[in-house]
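These protein sequence lines are chains F and X, in that order. Heads up, the first sequence is in full-length UniProt numbering, so the first residue is 1 and it goes up one at a time. Heads up, the second sequence is in full-length UniProt numbering, so the first residue is 1 and it goes up one at a time. From the three backbone atoms N, C-alpha and C, an ideal C-beta is built for every residue, glycine too. Structure first, then comments.
Protein chains: 2
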Amino acid sequence: MAKKPAPNSTRRSERSRRAIYDAALALVGEVGYAKTTIEGIAARAGVGKQTIYRWWPSKADVLLEAFLDLSEQASEPAVKEGQEPFEFPDTGDLGADLKFVLRATVDELLDPRFEVPSRALAAEGVVNEQLGAVFVTKLLEPSLQLYVQRLRSAQDKGEVRHEIDPRIALELFVSPLAQRWLQRTGPISYEYVDTLVDYALHGLAPR
Amino acid sequence: MAKKPAPNSTRRSERSRRAIYDAALALVGEVGYAKTTIEGIAARAGVGKQTIYRWWPSKADVLLEAFLDLSEQASEPAVKEGQEPFEFPDTGDLGADLKFVLRATVDELLDPRFEVPSRALAAEGVVNEQLGAVFVTKLLEPSLQLYVQRLRSAQDKGEVRHEIDPRIALELFVSPLAQRWLQRTGPISYEYVDTLVDYALHGLAPR
């Protein structure tokens, strides 16, 4: 009986795909977004550029998927049996759940594999409105929507006031961390994100 | 009696200085930080490049001062008789004072004269650690310290809890606005910054 060709071919494709992701992330970190080309990614990955064009229409698309893949890898150790990746914990203690997720984000932001290409793309997104919009829509906003869901669940249980807009509320702890990382306006740590969550939940004014 | 040469010379210098600032801001907005050169600024300003080198050691220094000057111009209409520029209002109502300053920041962020060069420099600061540090230290942090002083004054009056760290607390309303502007993660408006202040002061949890 003849072997089916599919599994080998799939493994080969998977290897190429991974090599292309790695090459794309490495290149954008080294030379920046503007100087990263499909040709450069292909040469570094050891594939023909037609291989890349077969799967992705542009370098922005390659990089977007490379980032999605990197984020999935980063979240793998935290994924438990039967749990969806990126599932936001809901233990019934909002503060603890927010701190858990924000501490994991601190780990990711301080990981050089993630940091170098992320900075290059974030910088490009600031001046290149089209690229910025793609990354916000496909990469950042979906993860922010997990905070929205968790805050809504907290509203249902009376842990968060009903008149609060969750999409704005999440920015009280997510944006300070993002700005310290992006603009290096201060150190980031577990203690720092814990403090942000405490301030946001309980407010600056005396109770 | 011979005229003193100083006033004319000072006016000439002031005109050159202004032309150089305008040229530097226009260029960095058009071609980005990396491609902005002292030669390019000099040509656009109609001065010799030695004129620029006489006053500033590098393009980063020219741009830094051009920005300081732009911020001062922007704040001029709000400056009242006998009041220092950039003075933070202290009417005794912390929420109202924070909203007043943040609304003025919204106006500035939406002003194209400010927005285009700011984006170019912010993007460069994300990847260029040295430049980022200069702009944070000399431009951003001094304005954040005005929030720190205002929050300390509110702590003295019992409007803000004593255990709060003002340098972290200010990020609850400043950073969300910065991130929406920098990464275009959402619209910015007076209503938006008012909401941030209300959430930060009173907290997300029921009182």
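| Query | Result |
| --- | --- |
| Kindly say whether Leu201 (chain F), judged by its beta-carbon, lies nearer than 7 Å to any beta-carbon of chain X. | yes |
| So what's Leu204 (chain X) in DSSP terms, helix, strand or just coil? | coil |
| Curious, which full-length alpha helix (DSSP H) runs of at least 4 residues does the stretch 97 to 133 of chain F contain? | 112 to 127 |
| Listed from N- to C-terminal order along the chain, which residues in the stretch 23 to 36 of chain F have their beta-carbon within a distance smaller than 8 Å of any beta-carbon of chain X? | Gly32 |
| Using beta-carbon positions only, say whether Ser143 (chain F) and Pro176 (chain X) come within less than 7 Å of one another. | no |
| Since Ile38 (chain X) is in the alpha helix (DSSP H), which residue starts that stretch and which ends it? | Ile38 to Ala45 |
| For Val126 (chain X), tell me which candidate among F:Asn128, F:Val127 and F:Ala123 has the shortest Cα-Cα distance. | F:Ala123 |
| Within the same chain, show all residues whose beta-carbon is closer than 8 Å to that of Ala26 (chain F), passing over the 5 residues directly before and after it, in chain order. | Arg44 and Pro117 |
| Give me, in chain order, the residues of the same chain whose beta-carbon lies closer than 8 Å to that of Gln155 (chain X); leave out the 5 immediate sequence neighbours on both sides. | Arg161, His162, Ile164 and Pro166 |
| Per DSSP, what kind of secondary structure is Ser189 (chain F) in: helix, strand or coil? | coil |
| Counting Cβ pairs closer than 8 Å, one from the stretch 101 to 109 of chain X and one from the stretch 17 to 25 of chain X, do we hit at least three? | no |
| Against chain F, does Gly132 (chain X) count as a neighbour if the rule is that its beta carbon must be under 7 Å from one of theirs? | yes |
| Suppose the cutoff is 8 Å on Cβ atoms and the five residues either side in sequence are ignored; what does the same chain contact list for Val134 (chain X) look like? | Ala60 and Leu64 |
| I'd like the list of long-range same chain contacts for residue 209 (chain F), defined as Cβ closer than 6 Å, with 5 residues on each side in sequence excluded. | Given that chain F is displayed from residue 1 to residue 207, the structure contains no residue 209 (chain F) and the question cannot be resolved. |
| Taking C-beta to C-beta, are Leu196 (chain F) and Phe173 (chain F) nearer than 7 Å? | yes |
| According to a CB-to-CB cut-off of less than 9 Å, which residues of the stretch 116 to 128 of chain X neighbour chain F? | Arg119, Ala120, Ala122, Ala123, Glu124, Gly125, Val126, Val127 and Asn128 |
| Determine the closest residue to Pro89 (chain X) out of X:Gly40, X:Lys35, X:Val148 and X:Tyr33, with distance taken between C-alpha atoms. | X:Val148 |
| Contact criterion: CB-CB distance below 7 Å. Does Ile188 (chain F) meet it with respect to chain X? | no |
| Give, in chain order, every residue of the stretch 170 to 185 of chain X whose Cβ lies closer than 7 Å to some Cβ of chain F. | Glu171, Leu172, Ser175, Pro176, Ala178, Gln179, Leu182, Gln183, Arg184 and Thr185 |
| Note down the Cα distance separating Tyr192 (chain F) from Lys35 (chain F), rounded to an integer number of angstroms. | 36 Å |
| In chain F, which residues lie with their C-beta within 9 Å of the C-beta of residue 215 (chain X)? | Residue 215 (chain X) cannot be examined here, being either before or after the span of chain X that is shown, 1 to 207. |
| Rounded to whole angstroms, what is the Cα-Cα separation between Val31 (chain X) and Phe114 (chain X)? | 15 Å |
| I'd like to know whether the C-beta of Thr195 (chain F) is nearer than 7 Å to at least one C-beta of chain X. | yes |
| Answer yes or no: does any C-beta atom of chain F fall closer than 7 Å to that of Ile168 (chain X)? | yes |
| Is it buried or exposed, Ala2 (chain X), if we count other Cβ atoms within 10 angstroms and call 16 or more buried? | Here Ala2 (chain X) scores only 44 on pLDDT, less than 50, and its place in the model is too uncertain to base an answer on. |
| Whose Cβ in chain F lies nearer than 7 Å to the Cβ of Glu159 (chain X)? | Ala205 |
| Which word fits Ala178 (chain F), buried or exposed, when buried means at least 16 other C-beta atoms lie within 10 angstroms of its C-beta? | buried |
| Please go through the same chain and pick out, in chain order, the residues whose beta-carbon is closer than 7 Å to the beta-carbon of Leu182 (chain F), but skip the five residues on each side of it. | Ala122 |
| Hey, could you find the ends of the alpha helix (DSSP H) Ala34 (chain X) is sitting in? | Neither: Ala34 (chain X) is in no alpha helix (DSSP H) and is coded neither H nor E. |
| According to DSSP, simplified to helix, strand and coil, what is Ile164 (chain X)? | coil |
| Would you identify the three-state DSSP class for Ser13 (chain F), choosing helix, strand or coil? | helix |
| If Ala24 (chain X) and Ala66 (chain X) are in contact, beta carbons under 8 Å, what's the gap, nearest whole angstrom? | 5 Å |
| Please report the Cβ distance between Arg184 (chain F) and Glu129 (chain X), rounded to the nearest whole angstrom; I am assuming they are in contact, meaning their Cβ atoms lie under 8 Å. | 7 Å |
| Cβ closer than 7 Å: which chain F residues qualify as neighbours of Val136 (chain X)? | Gln183, Arg184 and Thr185 |
| Measure from the alpha carbon of residue 218 (chain F) to the alpha carbon of each residue in F:Val62, F:Ala169 and F:Glu14, then state which is nearest. | Coverage of chain F is limited to positions 1 through 207, which leaves residue 218 (chain F) absent and any answer about it impossible. |
| What residues from the stretch 84 to 106 of chain F come within 7 Å of chain A, judged by C-beta to C-beta, listed N to C? | Going by chain labels, chain A is absent from the structure shown, which instead holds the protein chains F and X. |
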